[in-house]
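Residue numbers (our numbering): 91 to 548.
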């Protein structure tokens, strides 16, 4: 294991890394990003005691591809999982954050929603560098908060009192408990604890003790899913706020445990979201979840891909600090590798954020950030032969292709953060440059050789 060194001193233990990720949390859903109606004191504490990013981006605008970008360090033009049908797996040759950190002696665990490979594929966490897994393998399974079982590694883990319409054991609570137990058991080793919580993704269900503080606070219109996929909810706004606050409570439990174990000064904690806020039929802009940014989950305007990102490491990351550095999920593999003292890592599209995190200066900068989302047919396991939906940010310029094979739109985010004025026709030189980068960034997706088993339904 390559551990960090300081001058001529002996190697020191590399930091523990806790990476917490929400599901469909909007850019402005946290108090530290301007939210006034949803209480998030523990995540706000992370921001006040650490670094808050203003221009951080998810790997994609939907769940599984975004997680693939995070795990592999490749942007959407290169990563393996570019479809969001639920069972498309990482491939055997992929190298993940888990594998990189495990090779350096870290204990690695993932607790929550994996979404990158089900039973019977090479994409399962224990084949992708994780010593322990607990939660949902298939992302559609993760739509339900009172399932009959979760997975503990490759074995089903029953949740008592669930099934046949009964709701007794809330999956989020069990997942949080498993993450806390992993930290306790590995206190004497460097560990990577990846916690991709499922909240506040639909369905809108949360125990009553979390809803009670918000009951009657907001005007409500009952939610009924016309597809009957998600459970009904009579107080959807209170439930949404409650889900976020319950997640925040468990971030606080993680922080308290780290402190009680004496690990605070050698543990870096990150918090982010997998993509922008969702806007199903029940959800208007009551909480202003995107903070006035255009768009939402499933498109490439800012509201769909710009995410909150905060990082805390007492004594190493300056408290009450903020950065406008442009970054995306594919920067995390090289970042975590450098934090762990790993000098040789696989080739990625990312750039380490350590200079920004630790205030060392000389931060490498991307020439551009890139996203795409090709259409995929799960029946044939084929991607459409077309130019996919795309986006690219180059400095303050942002280009979006909203529809496959469609025209490009160009926005100047410095003067038009809401992306209301398409200036493509007025900026031929800029358009020529971004079109060159779009062509450079995109590669044809690799064939998905493995079927989607959907084992979670069995």
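For each residue, glycine too, the CB sits at the ideal point set by N, CA and C.
Distance CB(residue i)-CB(residue j) smaller than 8 angstroms
{"i": "residue 111", "j": "residue 377", "result": "no"}
{"i": "residue 176", "j": "residue 228", "result": "yes"}
{"i": "residue 196", "j": "residue 281", "result": "yes"}
{"i": "residue 198", "j": "residue 162", "result": "no"}
{"i": "residue 466", "j": "residue 438", "result": "no"}
{"i": "residue 401", "j": "residue 380", "result": "no"}
{"i": "residue 459", "j": "residue 528", "result": "no"}
{"i": "residue 404", "j": "residue 452", "result": "no"}
{"i": "residue 189", "j": "residue 218", "result": "yes"}
{"i": "residue 494", "j": "residue 476", "result": "yes"}
{"i": "residue 226", "j": "residue 249", "result": "no"}
{"i": "residue 502", "j": "residue 487", "result": "yes"}
{"i": "residue 290", "j": "residue 334", "result": "yes"}
{"i": "residue 532", "j": "residue 167", "result": "yes"}
Neighbour-count burial assignment, residue i, 16 or more Cβ in a 10 Å radius
{"i": "residue 319", "result": "exposed"}
{"i": "residue 274", "result": "exposed"}
{"i": "residue 526", "result": "exposed"}
{"i": "residue 130", "result": "buried"}
{"i": "residue 323", "result": "buried"}
{"i": "residue 449", "result": "exposed"}
{"i": "residue 118", "result": "buried"}
{"i": "residue 134", "result": "buried"}
{"i": "residue 311", "result": "exposed"}
{"i": "residue 389", "result": "buried"}
{"i": "residue 269", "result": "buried"}
Spatial distance of residue i from residue j (CA atoms)
{"i": "residue 489", "j": "residue 478", "result": "13 angstroms"}
{"i": "residue 426", "j": "residue 205", "result": "21 angstroms"}
{"i": "residue 91", "j": "residue 230", "result": "Confidence at residue 91 is low in this model, with a pLDDT of 33, below 50, so the placement of that residue should be treated as unreliable; the coordinate-derived value is given next. The alpha-carbon atoms of residue 91 and residue 230 are separated by roughly 37 angstroms."}
{"i": "residue 170", "j": "residue 331", "result": "34 angstroms"}
{"i": "residue 429", "j": "residue 107", "result": "9 angstroms"}
{"i": "residue 470", "j": "residue 174", "result": "15 angstroms"}
{"i": "residue 423", "j": "residue 509", "result": "30 angstroms"}
{"i": "residue 149", "j": "residue 484", "result": "16 angstroms"}
{"i": "residue 215", "j": "residue 535", "result": "22 angstroms"}
{"i": "residue 549", "j": "residue 179", "result": "Shown here, the chain extends from 91 to 548; a query on residue 549 therefore has no answer."}
{"i": "residue 537", "j": "residue 468", "result": "12 angstroms"}
{"i": "residue 125", "j": "residue 351", "result": "32 angstroms"}
{"i": "residue 464", "j": "residue 155", "result": "10 angstroms"}
{"i": "residue 520", "j": "residue 492", "result": "18 angstroms"}
Proximity to residue i [Cα-Cα], best of the options
{"i": "residue 327", "options": "529, 309 and 475", "result": "309"}
{"i": "residue 278", "options": "534, 128, 258 and 357", "result": "357"}
{"i": "residue 262", "options": "296, 272 and 271", "result": "296"}
{"i": "residue 386", "options": "146, 151 and 103", "result": "151"}
{"i": "residue 267", "options": "339, 305 and 294", "result": "339"}
{"i": "residue 102", "options": "306, 431 and 132", "result": "431"}
{"i": "residue 104", "options": "486, 225, 312 and 433", "result": "433"}
{"i": "residue 457", "options": "257, 418 and 383", "result": "418"}
{"i": "residue 441", "options": "415, 462 and 464", "result": "415"}
{"i": "residue 160", "options": "446, 211 and 461", "result": "461"}
{"i": "residue 212", "options": "120, 499 and 181", "result": "181"}
{"i": "residue 515", "options": "499, 524, 530 and 504", "result": "499"}
Closer than 8 angstroms is the cut-off here; do at least three beta carbon pairs connect the region 132 to 142 with the region 397 to 413? yes
Stretch pair the region 111 to 123 + the region 358 to 372: three plus CB contacts closer than 8 angstroms: With a cut-off of 8 angstroms, the region 358 to 372 and the region 111 to 123 count as touching, because enough Cβ pairs lie within range.
Between the region 237 to 252 and the region 392 to 405, do at least 3 Cβ pairs fall closer than 8 angstroms? no
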